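The structure appears right after this line, and notes come after that.
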Amino acid sequence: MRLILASQSRYKKESLQRLGIPFDCEDPAIDESSLPGEAPEELVLRLCVGKAATVSARCPGALVIAADQVAELDGEILTKPGTPEGARAQLRRMAGRTHRLLTAVAVTDGVRTGRRLEIHVMTMRPLSDEAIARYVARDNPVDCAGAYKIERAGIALFASVVGADPQAIVGLPLMTLVDLLGRFGVEVP
């Protein structure tokens, strides 16, 4: 069975490559806007399942993997900042505080869909404006929910991280994904 990652994200692609199974990538190209009143959990699961379903409809017979991620601070969804200025502003708000990082993953064969949500509770150290500026200049985290790349220098921003699947923080929860793939007959390793 052909395996497809419904993403063009290099981070998700690099994560999935760690499992050593062959796969292709397809851009799901869906509207990722939140709906009025939508909770972060609902948003991330809806987007994830929507990405999987969209690619599955274009690629019948394939097993499709999709993932999505949002950060949440005080009930507000923090999306990808898009610019260095936006990244610095997000990090200033998050410095010295605790936020949640929600990562959803879905697998579908076009008939059945399995989905899971991983939540990490993450506390940032207090950070000066200078430290934030240095970090943004180093990692350029403009394309990351929460404005950090924990797999790089972003790890230094944190005092604590609590959650079950550490790879979820990078965007694709591999331990969770291996369990879902097993339910579709794909054994890893």
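The working numbering puts the first residue of the sequence shown at 895, with every later residue one more than the last.
All C-beta atoms, glycine included, are put in the ideal place defined by N, C-alpha and C.
Treat the numbers as computed from the prediction; the structure is a model and nothing was measured.
Use the C-beta contact count for residue i: other C-beta atoms within 10 angstroms, 16 or more gives buried, fewer gives exposed.
i       : result
Gln984  : buried
Gln963  : buried
Pro954  : exposed
Arg995  : Position check: residue 995 holds Leu in this sequence, whereas Arg was assumed. Buried is the call here.
Pro1020 : exposed
Val1056 : exposed
Thr977  : exposed
Leu1071 : buried
Pro1035 : buried
Looking only at C-alpha atoms, which of the options sits nearest to residue i?
i       : options                            : result
Asp921  : Ala1031, Ser927, Leu899            : Leu899
Gln1061 : Ser1022, Leu1021, His1014, Asp1023 : His1014
Arg987  : Ala956, Ala965, Val999, Gly1057    : Ala965
Glu979  : Ser928, Val938, Ala1031, Ala1000   : Ala1031
Asp925  : Tyr1042, Arg912, Ala951, Leu937    : Leu937
His993  : Val1001, Pro934, Gly1076, Ser927   : Pro934
Per DSSP, residue i is paired with what?
i       : result
Ser903  : In DSSP, Ser903 forms no bridge with anything.
Ser1054 : Thr1017
Gly1008 : Val1001
Asp962  : Ala998
Thr992  : Thr1017
Quick check: is the beta carbon of residue i nearer than 9 Å to any beta carbon in chain C?
i      : result
Arg940 : Of the chains in the structure shown, none is chain C; there is only one protein chain.
Below 8 Å on the Cβ atoms is my contact criterion, and I expect residue i with residue j to pass it. Report the Cβ-Cβ distance as a whole number of Å.
i       : j      : result
Asp1037 : Lys974 : 5 Å
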